[in-house]
Every structure is written in structure tokens, then in C-alpha cells.
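Q:
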Amino acid sequence: MTNMESNENKKPLTIVEVIDGGPLKITGNIILKDLKKDISDNPPEVYLCRCGYSGNKPYCDNSHKC
Amino acid sequence: MMEREKTTFSGGRKYSNDEITVYWKPDACVHASYCYRELIEVFDPGRRPWVDMKGAETDRIIEVVNMCPTEALTWKWNDDKKNKDISIDQTNHIKFRRPELMSTDEQEIQENPVSVKIMIDGPVVIKGDFTFQYSGNKKEIKEGIISLCRCGASYHLPFCDGTHRKIGFEDK
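Each protein sequence line maps, in turn, to chains A and B.
With my numbering applied, the first sequence covers 3 to 68.
With my numbering applied, the second sequence covers 860 to 1031.
1. With 8 Å as the threshold, decide whether the Cβ of Thr1060 (chain B) is near any Cβ in chain A.
2. Can you tell which of B:Glu916, B:Gly1011, B:Asp918 has its C-alpha closest to the C-alpha of Leu50 (chain A)?
3. Using a Cβ-Cβ cutoff of 7 Å, what residues of the region 992–1010 of chain B are near chain A? List them in chain order.
4. Going by C-alpha distance, which of B:Ala891, B:Pro908, B:Tyr893 is nearest Thr867 (chain B)?
5. Hey, would you say Ala891 (chain B) sits closer than 8 Å to Pro1017 (chain B), going by beta carbons?
6. When you compare the CB positions of Lys59 (chain A) and Asp1030 (chain B), do they come within less than 8 Å of one another, or not?
7. Using the Cα positions of Trp936 (chain B) and Ile879 (chain B), report the straight-line distance between them to the nearest angstrom.
8. In whole angstroms, give me the CA-to-CA distance for Glu999 (chain B) and Glu19 (chain A).
9. Output the boundary residues of the beta strand (DSSP E) element that contains Glu1002 (chain B).
10. Rounded to whole angstroms, what is the Cα-Cα separation between Gly1021 (chain B) and Cys927 (chain B)?
11. Using beta carbons (cut-off 8 Å, strictly below), is Val20 (chain A) in contact with chain B?
12. Comparing the C-beta of Phe837 (chain B) with each C-beta of chain A, is any distance below 8 Å?
13. For a contact defined as C-beta to C-beta under 8 Å, what are the partners of Asp36 (chain A) on chain C?
14. Is it true that the CB of Ile17 (chain A) sits closer than 8 Å to the CB of Thr29 (chain A)?
15. Looking at the C-beta of Lys39 (chain A), does it have a partner C-beta in chain B at a distance below 8 Å?
16. Just confirm the distance between the C-beta atoms of Val881 (chain B) and Ile920 (chain B), as a whole number of angstroms; I'd bet it's less than 8 Å.
17. Taking 8 Å as the threshold (beta carbon to beta carbon), is Ile985 (chain B) in contact with chain A?
18. Within 10 angstroms of the Cβ of Pro972 (chain B), are there 16 or more other Cβ atoms? Answer buried if so, exposed if not.
19. Put Glu878 (chain B) into one of helix, strand or coil per three-state DSSP.
20. Tell me which residues share the same chain as Lys1001 (chain B) and place their Cβ nearer than 8 Å to its Cβ, disregarding the 5 neighbours each side in the sequence.
21. Do you know how far the Cα of His66 (chain A) is from the Cα of Ile32 (chain A)?
22. What's the C-alpha gap between Asn44 (chain A) and Lys865 (chain B)?
23. Using the beta-carbon count (16 or more within 10 Å), is Lys997 (chain B) buried or exposed?
24. Would you report the Cα separation of Gly914 (chain B) and Tyr55 (chain A), rounded to the nearest angstrom?
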């Protein structure tokens, strides 16, 4: 049996990391949303487009490498 | 008209109608863009002066000013007697008045998830407690807010500087 309790008490440290020449990586305890709605509640990690060229915004799809 | 007072205050400009005065502190603005996305009739960055208090009813202006995630936009009643009630309001406003970030009376501010908000055709606005890493820098942000460029054209990368509007950046 896994110890869920101690897991829950530990607050995940949220890290927002700007990857040079690449996307924005966010890990931790987040709510991702836009003006209208929640997009994703507590995703394990997200990579957000920073170049403006992704075909899958707000996520990165590696278009920045083109 | 009586309202021809000074239009500046220390740190910014102010704009009045008959009922309220809106205060704008440009240094505090992170270009989250709630104001003009919600109410371009009043808040139009392409116009001078950029705030037109005749563009909407007072209630609506208050509503949108309260959406500002920083203290760049605040407001007061012109009738100072009425301001007692909003002083708390304004304090909350500065400390993330946005309802989704208000802690639910529990002392568990640490537990609040970090809000990552995609502004349509604009930046990503990140609020809360988090570690921010960029170009070898590492900062611990406490109850803070940052607005990061998503269009790639900011002159102040990785931060948003409002350029997305000039280049017509679109999410679609």
C-alpha cells in the first residue's frame, strides 16, 4: 500500500523554466487555464510555446526548430 | 466641469468620471491585457489618452479594473466617504483579488496551485509561489506575478512587453 497521505502533505514545488531557444517548461502544482476555462488541472508538466509558431498552441510542438 | 484637476499622481496617471477615479501605474503593468481585452471602449492602448472614462458605465469599469492582476490599475470613489468600504477591496485586489486565487479561508496558502493563465493572443501570466529559472538565473517568487512572452517578438524576452499587439499575434 502506498502512503498517499505523506504524498499529499508534501507540497510540490512549482518550477517555471524558460528553456533557451525553446519552450516554457512548467512542473509542479499548477492550474493551466485561459480566459474562458480551465484547460488542465494539475498536469504533471507542460511545455508552452514561446516562439509563436506552434500549431498546437498554447503547447510547444517543436516548430521553433524549423 | 469640476473634474479638471491634475491628471497625474506620483507613479502614474489618473482618469475620472463623475463617480470614480481610475489610477494607472505604468511601472506595475505586466501586460496581462485583461483591461483592453475586456473593455477596449475604455482601455485602448492605441489611443491617447488610452483611458476613456466615457466608454462604459461605472460598474463595468470597476469590474474590469478589479480584474487587473497587478496594482497597475486601481480605482476609488470620488466621494471619499464611500472609500472606507473599498480599502479592503483594494488590498485584496493587490494580493490577487482574482477569485480563483483567493485562499478558501484555510491557512493553506502554500497549497494553492500556481495559476498559469494563457491570455488569448497575448502572454502567459503566472501567479503564485514558484521557482522561476531563465538564462542561468533562479528566483524564488512569493505571491508574485510574471507575464511571459508567447509571440516570440518581445524586446524584453522572456517577458512580455506588449509587442504581441503590434505584430498582430493570434492564437488561432
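The beta carbon of each residue, even a glycine, is placed where N, CA and C say it ideally should be.
These figures come from a predicted structure and were not determined experimentally.
A: Checking against the coordinates, here is how it stands:
1. The structure shown does not extend to residue 1060 (chain B), since chain B is modelled only from 860 through 1031, so no value can be given for it.
2. Residue numbering aside, residue 50 (chain A) sits at position 48 when the first sequence is read from its first letter. Nearest of B:Glu916, B:Gly1011, B:Asp918 to Leu50 (chain A), Cα basis: B:Gly1011.
3. Correct list: Gln992, Tyr993, Ser994, Leu1007, Cys1008, Arg1009, Cys1010.
4. Counting from 1 along the second sequence, the entry for residue 867 (chain B) is found at position 8. It is B:Pro908 whose Cα lies nearest to the Cα of Thr867 (chain B).
5. As a working mapping, residue 891 (chain B) is identified with position 32 in the second sequence. As a working mapping, residue 1017 (chain B) is identified with position 158 in the second sequence. For Ala891 (chain B) and Pro1017 (chain B), no; Cβs fall outside 8 Å.
6. In the first sequence, counting from the first residue as 1, residue 59 (chain A) sits at position 57. In the second sequence, counting from the first residue as 1, residue 1030 (chain B) sits at position 171. In contact: Lys59 (chain A) and Asp1030 (chain B) (Cβ atoms closer than 8 Å).
7. Taking the first residue of the second sequence as position 1, residue 936 (chain B) is located at position 77. Taking the first residue of the second sequence as position 1, residue 879 (chain B) is located at position 20. Rounded to the nearest angstrom, the two C-alpha atoms are 4 Å apart.
8. Here residue 999 (chain B) refers to the residue found at position 140 of the second sequence. Here residue 19 (chain A) refers to the residue found at position 17 of the first sequence. About 12 Å.
9. As a working note, residue 1002 (chain B) is residue 143 in the second sequence. Segment 996–1007, the beta strand (DSSP E) holding Glu1002 (chain B).
10. Sequence index remark: in the second sequence, residue 1021 (chain B) carries index 162 (1-based). Sequence index remark: in the second sequence, residue 927 (chain B) carries index 68 (1-based). Straight-line Cα distance between these residues: approximately 15 Å.
11. The residue given as residue 20 (chain A) occupies position 18 in the first sequence. Answer yes: the Cβ-Cβ gap between Val20 (chain A) and chain B drops below 8 Å somewhere.
12. Since the first residue of chain B shown is 860 and the last is 1031, residue 837 (chain B) is not available in this structure.
13. Going by chain labels, chain C is absent from the structure shown, which instead holds the protein chains A and B.
14. Locating residue 29 (chain A) in the first sequence gives position 27, where the first residue counts as 1. Locating residue 17 (chain A) in the first sequence gives position 15, where the first residue counts as 1. Yes, the pair counts as a contact, with Cβ atoms nearer than the cut-off.
15. The residue given as residue 39 (chain A) occupies position 37 in the first sequence. Judged by the 8 Å Cβ criterion, Lys39 (chain A) is not in contact with chain B.
16. Residue numbering aside, residue 881 (chain B) sits at position 22 when the second sequence is read from its first letter. Residue numbering aside, residue 920 (chain B) sits at position 61 when the second sequence is read from its first letter. The pair is a contact, with the Cβ atoms about 7 Å apart (cut-off 8 Å).
17. The sequence position of residue 985 (chain B) within the second sequence is 126, counting from 1. Yes, Ile985 (chain B) lies at the interface with chain A (some Cβ there is under 8 Å from its Cβ).
18. The residue labelled residue 972 (chain B) in the question sits at position 113 within the second sequence. It counts as buried.
19. As a first step, residue 878 (chain B) must be located in the second sequence, where it is residue number 19. It is coil, neither helix nor strand.
20. Residue mapping note: residue 1001 (chain B) aligns to position 142 of the second sequence, counting from 1. Closer than 8 Å at the Cβ level, and outside the excluded window around Lys1001 (chain B), lie Asp988.
21. Translated into positions along the first sequence, residue 32 (chain A) becomes position 30. Translated into positions along the first sequence, residue 66 (chain A) becomes position 64. Those two C-alpha atoms are separated by around 25 Å.
22. Counted from its first residue, the first sequence places residue 44 (chain A) at position 42. Counted from its first residue, the second sequence places residue 865 (chain B) at position 6. For Asn44 (chain A) and Lys865 (chain B), the distance between alpha carbons rounds to 47 Å.
23. Indexing the second sequence from 1 puts residue 997 (chain B) at position 138. So Lys997 (chain B) counts as exposed.
24. Numbered from 1 along the second sequence, position 55 holds the residue referred to as residue 914 (chain B). Numbered from 1 along the first sequence, position 53 holds the residue referred to as residue 55 (chain A). Using only the alpha carbons, I get a separation of about 35 Å.
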